[in-house]
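K.L.:
The structure is given below, and queries will be raised subsequently.
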Amino acid sequence: MGCDIHSAVEVFDVEKWNWIRDIKFPLYESERFTNEPFAWRHYNMFCFLADIYCKSSILEHLSSYRGLPIDLSSELNQGEFSFNSNLWLGEFGYGYLLLNEILVFDYDKPYPETTFADAKTYRDMLGEDFFRDIEIMKQLNSESTKIRIVFGFDN
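Residue numbers (our numbering): 25 to 179.
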């Protein structure tokens, strides 16, 4: 057992956020695809993105608990956060990040942990797949403030 991230990408289109259901991210170490970015178990990535499952107080994170956005797309709105026919966003730790919040971080900062012996920077710790998913999202809109990831976690 462990914790997994569940995520979706939304793009703002004139007056509302829309879930991009047909986006394709390669599944970690697989030849299959998913529409969920960052869809692999990596506790330090969870800590970095959302301050969830932090094993160390010295790791930086992009956001703390925010909850789901009040303007969540109607396709993802789950009321009581139960399963729906579109996507499950997990059981706890709900949050969201605009793509520009992800892009502005200095990934070449020294990584302060020793759990990843070969990780000298945050870029090393997060790995190539993290940045591949960012590049896929950047193709959706030229304005990174109009793209966001909505996420939650489960046990």
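We put the beta carbon where it would ideally sit given N, CA and C, even for glycine.
1) Write down the C-beta distance between residue 174 and residue 96 rounded to the nearest angstrom, noting that I regard them as a contact closer than 8 Å.
2) Using the Cα positions of residue 52 and residue 68, report the straight-line distance between them to the nearest angstrom.
3) For residue 85, which residues of its own chain have a beta-carbon under 8 Å away from its beta-carbon, when the five flanking residues on both sides are left out?
4) Reducing DSSP to helix, strand and coil, say where residue 31 ends up.
5) Let's test the definition: count the other Cβ atoms within 10 Å of the Cβ of residue 126 and tell me whether it reaches 16, buried, or not, exposed.
6) Determine contact between the stretch 26–40 and the stretch 60–67, defined as no fewer than three beta-carbon pairs at a distance below 8 Å.
7) Runs of 4 residues minimum, wholly inside the stretch 127–155: which ones carry the alpha helix (DSSP H) assignment?
8) Give every residue of the same chain whose Cβ lies closer than 8 Å to the Cβ of residue 144, excluding the five residues on either side of it in the sequence, and list them in chain order.
P.N.:
In terms of the structure at hand:
1) Along the sequence shown, one-based indexing puts residue 174 at 150. Along the sequence shown, one-based indexing puts residue 96 at 72. Contact holds; Cβ gap of about 7 Å.
2) By 1-based counting over the sequence shown, the position of residue 52 is 28. By 1-based counting over the sequence shown, the position of residue 68 is 44. Rounded to the nearest angstrom, the two C-alpha atoms are 16 Å apart.
3) Working through the sequence shown from its first residue, we reach residue 85 at position 61. Closer than 8 Å at Cβ, skipping near neighbours: 71, 72, 73, 74, 75 and 78.
4) The count along the sequence shown starts at 1 and reaches residue 31 at position 7. It is a strand residue.
5) Taking the sequence shown and counting its residues from 1, one reaches residue 126 at position 102. Classification for residue 126: buried.
6) yes
7) 146–150
8) Your numbering for residue 144 matches position 120 in the sequence shown. Once the five neighbours on either side are set aside, the close Cβ partners of residue 144 are 134 and 135.
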